[in-house]
Amino acid sequence: MFISRSRIRTGFTLIELLVVIAIVAVLLGLLMPAVQKVRESSARMGCTNNLKQIGLAWHNHHDGHGCSPSGGGHWDATGPAHSGWAFHLLPYLEQENVYRLPWQQAAQTSIKVYFCPSRRPGVNPAGSRALLDYAAFDGPLIARAYEVKNPFLVGYNPPGRTDFLRAAAGLSQTPMVGEKRIWWNRATHSDCNDDQGYTDGWDNDTIIRTDLISIRDSKTSICGTNAGSSHPNTYGIAFGDGSVRACRFGISPERAAASD
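Whatever position you read off the sequence shown (first residue = 1), add 19 for my numbering.
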């Protein structure tokens, strides 16, 4: 049977093409939130695992030295003796090689476990000290290396060594390390609580307060000592017993611990 060429279809009509595009757009609109939710769930699990590793390292340090890691000294002092808890935990996080580097070199070496996957990749801005997304709480589980007059931070303990016996409320109710609040969209190190890096002594970079309310990451440059995160509704706390719990924004870590 002969078929006229005029009846042979060579492609989609404009209307059919627009319909297909509209259907694809609707499907993408439905899928994207689900994909983002799965991605955030995976990143949150990675962040929780980081806190668990840090908590375990803290306990191993305590077992090996009979005390918590030092909170360090003044923020502008350099060298191991002035560095804070995150530097002293390196040997217990399988980072002995970094711990033994010359101090200035170690200070610029990024430590993957100190970065939350929800917030930023585990690399530091060019030319800066290696940063971190977590900070120790200024409660009974950490102490300064020596007296530092800093009006922005609260110190529950006198300078020197401190141990788990100081946790009068019990280790399961005592915040140890948690996520800190930073400026989430910055490209360089500029916030006063996110510029000195993980080797920083007793300062905003490595110490956060238990009595301040927790807040989600800021969209503008900030300078504070609040707990917080880039997660939608919660942030993580590693307690003295090694457990990690998600705590909601809007209340202080002290209240979060008491209400658990």
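C-beta: ideal position from N, C-alpha, C; glycine also. Everything numeric in this text was worked out from a predicted model, so none of it was measured.
Rounded straight-line distance, which links the Cα of residue j to that of residue i
i                 : j             : result
proline 121       : alanine 41    : 59 Å
alanine 246       : cysteine 266  : 10 Å
aspartate 214     : serine 61     : 27 Å
aspartate 157     : tryptophan 94 : 15 Å
isoleucine 226    : serine 87     : 14 Å
arginine 163      : valine 45     : 56 Å
asparagine 223    : valine 39     : 53 Å
threonine 128     : tyrosine 217  : 10 Å
alanine 96        : glycine 220   : 8 Å
arginine 264      : asparagine 68 : 11 Å
phenylalanine 106 : valine 43     : 50 Å
glutamine 192     : alanine 186   : 8 Å
glycine 98        : glutamine 124 : 11 Å
tyrosine 165      : valine 173    : 14 Å
Closer than 7 Å: residue i CB and nearest the ligand NAD heavy atom
i            : result
tyrosine 133 : In the structure shown, the ligand NAD is absent, as is every other ligand, since no ligand is present at all.
Neighbour-count burial assignment, residue i, 16 or more Cβ in a 10 Å radius
i              : result
glycine 90     : buried
methionine 195 : buried
isoleucine 22  : Reliability of the predicted coordinates at isoleucine 22 is poor, the pLDDT of 47 falling under 50, and the value obtained from them is presented with this limitation in mind. Its Cβ having fewer than 16 others within 10 Å, isoleucine 22 is exposed.
glycine 197    : buried
methionine 20  : Note that methionine 20 scores a pLDDT of 48, beneath 50, so its modelled location is shaky; the value from the coordinates is reported in the next line. Looking at its Cβ environment, which holds fewer than 16 other Cβ atoms inside 10 Å, methionine 20 is exposed.
threonine 239  : exposed
leucine 36     : exposed
asparagine 280 : Limits of the chain in this structure are 20 at one end and 279 at the other, which puts residue 280 out of reach.
lysine 199     : buried
isoleucine 161 : buried
asparagine 212 : buried
glycine 92     : buried
isoleucine 130 : buried
alanine 155    : buried
For residue i: DSSP bridge partner residues
i                 : result
serine 237        : Trp202
phenylalanine 106 : Answer is none; phenylalanine 106 lacks a bridge partner.
tyrosine 153      : Glu198
isoleucine 256    : Gly197, Arg264
isoleucine 227    : Phe156
Nearest neighbour of residue i, chosen from the options [CA to CA]
i            : options                        : result
tyrosine 254 : Leu75, Thr32, Gly65            : Gly65
tyrosine 9   : Pro136, Ile130, Asp222, Arg228 : Nothing can be reported for residue 9, as the shown portion of the chain is limited to 20 through 279.
proline 159  : Glu115, Asn252, Ala100, Gly259 : Gly259
glycine 179  : Thr32, Trp104, His78           : Trp104
lysine 71    : Ala276, Phe183, Ala257, Arg274 : Ala257
tyrosine 153 : Pro136, Ala186, Glu166         : Pro136
glycine 243  : Asn79, Ser249, Asp210, Gly269  : Asp210
serine 102   : Gln114, Leu112, Tyr118, Val263 : Tyr118
leucine 184  : Ile34, Glu113, Gly85           : Gly85
arginine 274 : Ala188, His250, Lys168         : Ala188
serine 147   : Lys131, Ala126, Ile130         : Ala126
serine 248   : Arg139, Val167, Glu166         : Arg139
Cβ separation of residue i and residue j, assumed to be a contact under 8 Å, to the nearest whole Å
i              : j              : result
aspartate 230  : serine 271     : 5 Å
tryptophan 202 : isoleucine 241 : 6 Å
tyrosine 133   : leucine 151    : 4 Å
arginine 261   : glycine 74     : Here residue 261 is glycine; the residue named in the question, arginine, does not match the sequence. About 5 Å separates the two Cβ atoms, so the contact holds.
alanine 76     : tyrosine 111   : 4 Å
histidine 78   : aspartate 182  : The pair is not a contact, with the Cβ atoms about 11 Å apart (cut-off 8 Å).
Minimum Cβ-Cβ distance from residue i to chain B less than 8 Å
i              : result
isoleucine 161 : Reference to chain B is not applicable here, since this structure consists of a single protein chain.
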